[in-house]
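Each remark here refers to the structure printed beneath this line.
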Amino acid sequence: MDHRLKKNSQFNYIYKKGEKVHTENFTLFVVRSKFSCYKIGFSISKKLGKANKRNKLKRRMREIVRNLQVPSFCNYVLLAKENATNLEFCDLKKEIEKIFEKVEKKLNV
RNA sequence: UCAGUUGGCCAGAUGGUCGCUGUAAGGCUGUUAUGGCUUUAGAGAGGAAAGUCCGAGCAUCUAAAGAACAGAGUGCAAGUUAACGGCUUGUGGAGGCAACUUCAAGGAAAGUGCAACAGAAAUAGACUGCCCCGCCCCGUGCGGAGCGAUGAUGGAAAGGUGGAGUAAGAGCCCACCGAGCGAUUGGCAACAACCGCUGCAAUGUAAACCCCACUCGAUGCAAGGUUAAGUUUGGACAAAUGUGCGUUCUUUCACGUCCAACAAAAACACCGCUUGAACUUGCUGGCGACAGCAAGUCUGGAUAGAUGACCAUCCAAAACAGAACUCGGCUUAUAGACCAACUGUAAAC
RNA sequence: GCGCCUGUGGUGAAAUGGAUAUCACGACGGUCUACGGAACCGUUAUUCCGGGUUCGAGUCCCAGCAGACGCA
2 MDHRLKKNSQ FNYIYKKGEK VHTENFTLFV VRSKFSCYKI GFSISKKLGK ANKRNKLKRR
62 MREIVRNLQV PSFCNYVLLA KENATNLEFC DLKKEIEKIF EKVEKKLNV
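For what it's worth, this note's numbering labels the leading residue of the first sequence as 2, then goes sequentially.
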């Protein structure tokens, strides 16, 4: 299944309407949807580094999300903050797992 | 040995598990239609992919040629290339003991502008001064003739050094060096060598305007096209004295042209899109850049944008860094390792 | 991807190739005052970085860095 977010309008919708969840190096925007499959988009700004670094970070994030069980019926945008490029793979994994735990709590409440 | 110069080459490798994007063949399935899922095979970032500083292909602007003007660029010679502001080999200047490096290197007697401060004076006259003669009130004076050496400065002061010469001096004369002009020889040429002549007039700046020679249409794949479906409505000019790649003119050729409004937009679509001035190996020609011939190879094509994660071994995996239409250069960033050729003031043997 | 423009004290600006880079506001220090304000005096610059042309560069040329803008 294809879990990517693609259109600019979708991104903007999620930025406006979504609920925010923060950790040190990431911010997650969440919006509920009708469809059973979730969709997720990754956002890494030019401030974080050159194309090389940004690309690598994005791949790692995607790899981590692929192996996780993400709560469905939702759309997400995962936004990286400045220190994220310097982290090891393990640390990234822990943080992203944390952030999704937080989200589940919020949704259940 | 040490120190250095130049050129070239590599840019982690191997194995395993999971995952991503095309291609080819097969299977299952679905739509009005481009499809979706899956199996097997095989492929999948760079030397700079970067900066966007040059040059081309390709596409559109209705087509083509010439002249003048405007604008932009280039500037030693010969070669090389599809082309270039690139590259190669030379010439000249500058640097280095040397190997070698480096230079936007045409024109300042076509014209215009600028040259602060300092200095007597900044492109050429005056002033200061030197020497001789005359006059008088005999001086720190005046007049006349000759001279261009001296004058603290400055980036630059009217060829330089030495001699001869003179009342004092001066390319006035001589030697050497420099400069200009001409001939001869060598070189395709830039230019060099040597000989002769000219006593020497000519400040710097053209990366100030400018002059000379040569080159150049504009816009960039967000170009442009397909699916595509508009004989739509209104306005302006108007069958040529109109429009058609900066302006004007000439010749041929073609044709109605322009503006606004509305309609339409499936879309997660397709073409352009990757076989190319391609790459690898060998041979031949050339000092070299490069060219020719033969054989072999197919080697990314994404579109929120594909290369990642983990484990093992190699001491350690640690540089700069990610294709976005494609090539040829230039410039900038860059850990570490290797190869070849060459140089030496110095030290040791 | 492509095109275009700008960099001067803390901020906003000026400077024809020519002496120690000027002005306003701000900040800091001082004078004045019992204290403060105003006033006066002073301090605050690697002209984004590196080369070149020139006697001399903030200015001219080349290359780099940073920022901003336009084309959907």
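Glycine is no exception: its CB is placed at the ideal position from the N, C-alpha and C atoms. What you are looking at is a predicted structure, and each value in this text was computed from that prediction instead of being measured.
Exposure label - residue i; buried when at least 16 CB within 10 Å
i: Lys40; result: buried
i: Asn53; result: exposed
i: Leu108; result: exposed
i: Met2; result: Caution applies to Met2, whose pLDDT of 43 falls short of 50 and renders its modelled position unreliable; the value that the coordinates give is listed next. So Met2 counts as exposed.
CB contact flag (residue i, residue j, <7 angstroms)
i: Val31; j: Lys103; result: no
i: Ile100; j: Leu49; result: no
i: Ala85; j: Asn26; result: yes
i: Arg55; j: Ile45; result: yes
i: Glu96; j: Thr24; result: yes
i: Phe43; j: Leu79; result: yes
i: Arg61; j: Leu93; result: yes
i: Asn87; j: Ser34; result: no
i: Pro72; j: Glu105; result: yes
Own chain, CB closer than 8 angstroms to residue i, minus 5 neighbours either side, in chain order
i: Arg5; result: Lys40, Ile41, Gly42
Beta-bridge partners of residue i, as assigned by DSSP
i: Gly19; result: Per DSSP, none; premise fails for Gly19.
i: Thr28; result: His23, Leu80
Nonlocal neighbours in the same chain, by C-beta distance under 6 angstroms from residue i, ignoring five residues either side
i: Gly19; result: Phe30, Val31, Val32
Sequence-distant residues of its chain with Cβ nearer than 7 angstroms to residue i (five each side left out)
i: Glu83; result: Lys48, Leu49
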